[in-house]
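As given, the protein sequences belong to chains S and U, one line each in that order. Heads up, the first sequence is in the working numbering, so the first residue is 1 and it goes up one at a time. Heads up, the second sequence is in the working numbering, so the first residue is 1 and it goes up one at a time. Backbone N, C-alpha and C define an ideal beta-carbon position, used for all residues, glycine too. Have a look at the structure below, then the notes.
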Amino acid sequence: MAQESTVRVKEIQPGIQSGTPAGGGHPLAGTTMTGAEMIVQVLADEGVDTIFGYSGGAILPTYDAVFRYNREHGDRMPLIVPANEQGAGFMAAGYARASGKVGVAMVTSGPGATNMVTPVRDSMADSVPMVVICGQVPTTAIGTDAFQEAPISNVMGAVAKHVFLVTDPRRLEDTMRTAFEIARTGRPGPVVVDIPKDVQNWTGTFKGMGRLPIRGYRQRMHAWNENRLSESRARRFFELLGESHRPLLYVGGGVINGDAVSQLRALARTLQIPVVTTLMGIGAYDTTDPLALHMLGMHGTAYANYAVEDCDFLIAVGARFDDRVAGMPSRFAPRARHIAHLDIDSSEIGKVKQADWYHVGRLDEALQALLDHARTQGFSRDFSAWHRHVRDLKKTYAMNYDRESALIQPQYVIEEINRRTRGEAIITTGVGQHQMWAAQFFDFKEPRLWLTSGSMGTMGFGLPAAVGAQFARRDRLVIDIDGDGSIRMNLGELETVTTYGLPIKVVVLNNCGDGMVKQWQKLFFKGRLAASDKSLRKKDFIKAAQADGFEYAVRLERKEDVPRVVEEFLAFDGPAFLEVMIDPDAGVYPMVGPGMPYTEMITGDFIPSRTRPTDGEVDSSSMF
Amino acid sequence: MRHIISILLDNEAGALSRVAGLFSARGYNIESLTVAPTDDPSLSRMTIVTRGSDPVIEQITKQLNKLVDVVKLMDLTEHDHIEREMMLLKVVAKGEDRAEIKRLADIFRGRIIDVDDETYTIELTGKADKLEAMLQALGSTKILEVVRSGSMGIARREVVLKF
């Protein structure tokens, strides 16, 4: 507990939105504060209601200011403490992904900050808004190899959307506000603010307003935000669509990040265009809708990938043709006579695949403009032949797996969970096979229910992300679908779940090893399971969960028990842990090998294939 | 193809390393890089000479435009422009060579800015290829030291890179 006698208590006001001071100014403008208090006040003004972080020497003044703020304001900004700073980072990311708000993490200098590098890079790669506050050694000690010193502005500069090192305390409050602005504007991303301890301890006058100039950034944001889709561009789009017989919407995470889900759904339904989504785009379109063809790409559904092969007009929205979608860009969507591309980030236009119609700007505005144009011009076109084709693809090449196996198949477990959650639960994952099975077999009726490390592919994401998501959405059932490899990475966060009494459901699909690695080794390395088999390990996940306070911790080993156990697991009131011993040889299918065109898709033994992959020798050294 | 990219950059700590870091992280090459404050002390102007295909150059400019510190940029090669680089050159200058080197420096409009019994230090300004021509022309002359500033440039006439 804080030592009240020595701490000067300052009342920090609960949030007011910065930049729009009610009644002409911030109620605290002109008061004297420490840097730490200013940090907390700006957090409050920005609407922060949860901080994820781990304390330490160089951030102590700010932790103390948070403590005092919470004492004065009834725990309005609880500090959630992980087992490891990486956990805090993924909690903040999970919070941000589930809520759409900026996630906030706060850690100390040196190792605290370097442990945050992975979540920061992960959030950058998936465009997740975060503000990460790092303590730093005092300005006079910077560069002296001081205790717990690390060059965080250099390290994070390479992985974050932006990083500030605050050496002039008079710029602290402006910097904090600017960090939030940068994190949430344009293509969102993580912003790191590195704050030396003496800057936190500095005392000065709080202005209650102001931001850094960042004139170039702000001007570009303004230009892109204001870049409306013109009538003539909309007309051209509908000319292309009017020539098309087989249009396909290819939807990425940008639609979710850009809050353009309702416009996208309206557009797809109005124009009756089928939709494929990327891993990050899952939830942008209701997976239970007839037009939904689900995920495309390396482990996309066969029918989604065939639809990509067959379409003659591909409309990419907030997607970026990455290598897991377009392994071979030159042969991606080979029959598409035209490609349209809408994104908030101009650097994604033409980066991988040339688009002959594109628009850089807010997706909600652009999609709405297209929708308006379609309605006012009365656009209608009969795509019924294409719909029949797509419906046949969905039926003929439906997802399937070894339903007769005596071993528990992971897809079966997910289907049993999905039957009960009906596309309304928040699902987080680690990275690997379980992640792909979850992407393939869960339904999502809404955006921000599917939280996964897409671009970076960070194992260990699932459990801390679930914690963050539960803080963001207290009303939702949160399920972490994890693998035995992935959950090991941040297993310490099991304790965080029970410490905060979060009713998170943790599922470990245990296949005794790194299943996706094994799958690649079987396919491309003649079955040599280098370092990926863990069947001889002594780990007892049930005991681990129990040791961390899980009152429900069950190992599921018999197929016939699956429905009953899944039922009681989901119904358990409180944190629950379920380890499922799955078929260790279950594979993820379909699979388009890295760098391969969709014609080389392997659909496995249980999904039909309309083409036979050529048995070309794969150069296993060059693929990734 | 060779491109000269001029960047107005906020004069902030770490700004230079973020630009340089972007090039190394994305595998773009930097042939030369020069940077100094402008008449507006809050702004630096950086000139980067790089090589790449059109798609690569397009990515370079787009990625640079995403850096918060970048205020504005211009690919000078898209405009009629003037390019200059300065070189300081220390050569062995003894006996009969002294007159020959002096004459060569004059031909290239270089200036000898320091002299001792055995060396000349020459200052030469021009486009990068002119500096290279001078180095070629020196032939068998022993070069002790070469210092080049890296290229900088400015667009001609009304085209101005200014915030």
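Nearest residue (CA-CA) to residue i, options the options
i, options, result
"Glu231 (chain S)", "S:Phe379, S:Leu370, S:Gly103 and S:Thr396", "S:Leu370"
"Ala544 (chain S)", "S:Thr167, S:Ile39 and S:Gly492", "S:Gly492"
"Asp75 (chain S)", "S:Val166, S:Asp372, S:Pro590 and S:Ala65", "S:Ala65"
"Leu279 (chain S)", "S:Leu271, S:Ser346 and S:Leu296", "S:Leu296"
"His299 (chain S)", "S:Phe624, S:Tyr589, S:Pro597 and S:Ile607", "S:Tyr589"
"Pro274 (chain S)", "S:Ala179, S:Tyr250 and S:Asp259", "S:Tyr250"
"Gly574 (chain S)", "S:Lys505, S:Ile481 and S:Ala234", "S:Lys505"
"Asp122 (chain S)", "S:Tyr54, S:Val191, S:Ala83 and S:Ile142", "S:Val191"
"Asp40 (chain U)", "U:Asp10, U:Leu64, U:Ser17 and U:Pro55", "U:Asp10"
"Met703 (chain S)", "S:Arg177, S:Lys445, S:Arg422 and S:Arg331", "Residue 703 (chain S) is absent from the structure shown; chain S starts at 1 and stops at 624."
"Gly100 (chain S)", "S:Met399, S:Thr499 and S:Arg473", "S:Arg473"
"Ile607 (chain S)", "S:Ala576, S:Val467 and S:Arg403", "S:Arg403"
"Gly30 (chain S)", "S:Thr498, S:Ser405 and S:Thr203", "S:Thr203"
"Val70 (chain U)", "S:Asp174, S:Gln219, S:Arg170 and S:Arg422", "S:Gln219"
"Pro447 (chain S)", "S:Gly258, S:Gly103, S:Val102 and S:Tyr63", "S:Gly258"
"Gly135 (chain S)", "S:Arg184, S:Pro196, S:Pro584 and S:Pro78", "S:Pro196"
"Thr277 (chain S)", "S:Pro290, S:Arg269 and S:Gly252", "S:Gly252"
"Ser347 (chain S)", "U:Leu144, U:Arg26 and U:Ala155", "U:Arg26"
"Gly485 (chain S)", "S:Ala531, S:Gln521 and S:Gly454", "S:Ala531"
"Tyr598 (chain S)", "S:Thr614, S:Pro584 and S:Gly47", "S:Thr614"
"Gly361 (chain S)", "S:Phe541, S:Ala96, S:Asn227 and S:Lys539", "S:Asn227"
Within 8 Å, strictly: CB atoms of residue i and residue j
i, j, result
"Thr141 (chain U)", "Ile101 (chain U)", "yes"
"Phe379 (chain S)", "Gly430 (chain S)", "no"
"Thr61 (chain U)", "Ala93 (chain U)", "no"
"Val137 (chain S)", "Val166 (chain S)", "no"
"Ala469 (chain S)", "Phe90 (chain S)", "no"
"Arg84 (chain U)", "Thr125 (chain U)", "yes"
"Gly254 (chain S)", "Ala336 (chain S)", "no"
"His373 (chain S)", "Phe238 (chain S)", "yes"
"Ile414 (chain S)", "Phe441 (chain S)", "yes"
"Lys72 (chain U)", "Leu161 (chain U)", "yes"
"Val308 (chain S)", "Leu248 (chain S)", "yes"
"Met156 (chain S)", "Gly186 (chain S)", "no"
"Ile4 (chain U)", "Leu76 (chain U)", "yes"
"Ile256 (chain S)", "Ile133 (chain S)", "no"
"Ile339 (chain S)", "Ala316 (chain S)", "yes"
"Val580 (chain S)", "Asn490 (chain S)", "no"
First through last residue of the beta strand (DSSP E) which encompasses residue i
i, result
"Met130 (chain S)", "Met130 to Gln136"
"Asn510 (chain S)", "Lys505 to Asn510"
"Leu449 (chain S)", "From DSSP, Leu449 (chain S) is part of no beta strand (DSSP E); its letter is neither H nor E."
"Ala576 (chain S)", "Ala576 to Met581"
"Val147 (chain U)", "Ile143 to Arg148"
"Tyr358 (chain S)", "Trp357 to Val360"
For residue j and residue i, believed in contact at Cβ under 8 Å, the rounded distance
i, j, result
"Ile487 (chain S)", "Leu463 (chain S)", "6 Å"
"Phe383 (chain S)", "Gln263 (chain S)", "The Cβ separation is near 20 Å, so there is no contact."
"Val68 (chain U)", "Met46 (chain U)", "Not a contact, Cβ separation roughly 15 Å."
"Val352 (chain S)", "Pro329 (chain S)", "5 Å"
"Ile51 (chain S)", "Met116 (chain S)", "Actually they are not in contact, since the Cβ atoms of Ile51 (chain S) and Met116 (chain S) sit about 13 Å apart, beyond 8 Å."
"Met134 (chain U)", "Gly110 (chain U)", "7 Å"
"Phe206 (chain S)", "Met33 (chain S)", "5 Å"
"Arg51 (chain U)", "Met87 (chain U)", "20 Å between Cβ atoms; not a contact."
"Leu570 (chain S)", "Leu556 (chain S)", "No, Leu570 (chain S) and Leu556 (chain S) are not in contact; Cβ-Cβ is about 13 Å, not under 8 Å."
Range covered by the alpha helix (DSSP H) that runs through residue i
i, result
"His81 (chain U)", "Unbroken run through His81 (chain U) is the beta strand (DSSP E), His81 to Val92; no alpha helix (DSSP H)."
"Met516 (chain S)", "Gly515 to Phe524"
"Glu231 (chain S)", "Glu231 to Glu243"
"Lys394 (chain S)", "Ser384 to Thr396"
"Asp482 (chain S)", "Careful: Asp482 (chain S) lies outside any alpha helix (DSSP H), inside the beta strand (DSSP E) at Val478 to Gly483."
"Trp437 (chain S)", "Gln433 to Phe441"
"Ser6 (chain U)", "No alpha helix (DSSP H) contains Ser6 (chain U), which is instead part of the beta strand (DSSP E) from Arg2 to Asp10."
"Trp224 (chain S)", "Arg215 to Asn225"
"Tyr250 (chain S)", "It is not in any alpha helix (DSSP H) - Tyr250 (chain S) instead sits in the beta strand (DSSP E) that spans Pro247 to Val251."
"Pro111 (chain S)", "Pro111 to Thr114"
"Arg121 (chain S)", "Val117 to Ala125"
"Tyr95 (chain S)", "Glu85 to Ser99"
Under 7 Å by beta carbon: chain B residues contacting residue i
i, result
"Ile182 (chain S)", "Note that chain B does not occur in the displayed structure, where the protein chains are S and U."
Interface positions of the stretch 12-34 of chain U facing chain S (Cβ-Cβ less than 7 Å), listed along the chain: Ala13, Gly14, Ser17, Arg18, Gly21 and Ala25
Near-chain U residues of the stretch 350-363 of chain S (beta-carbon distance less than 8 Å), N- to C-terminal order: Gly350 and Lys351
Residues in the stretch 131-160 of chain S having any Cβ partner in chain U nearer than 7 Å: Ser153, Asn154, Gly157 and Ala158
Near-chain S residues of the stretch 60-83 of chain U - C-beta to any C-beta below 7 Å: Lys62, Gln63, Asn65, Lys66, Val68, Val70, Val71 and Lys72
Residues, ordered as in the chain, of the stretch 202-221 of chain S that lie near chain U by beta-carbon distance below 7 Å: Ile214, Arg215, Gly216, Tyr217 and Arg220
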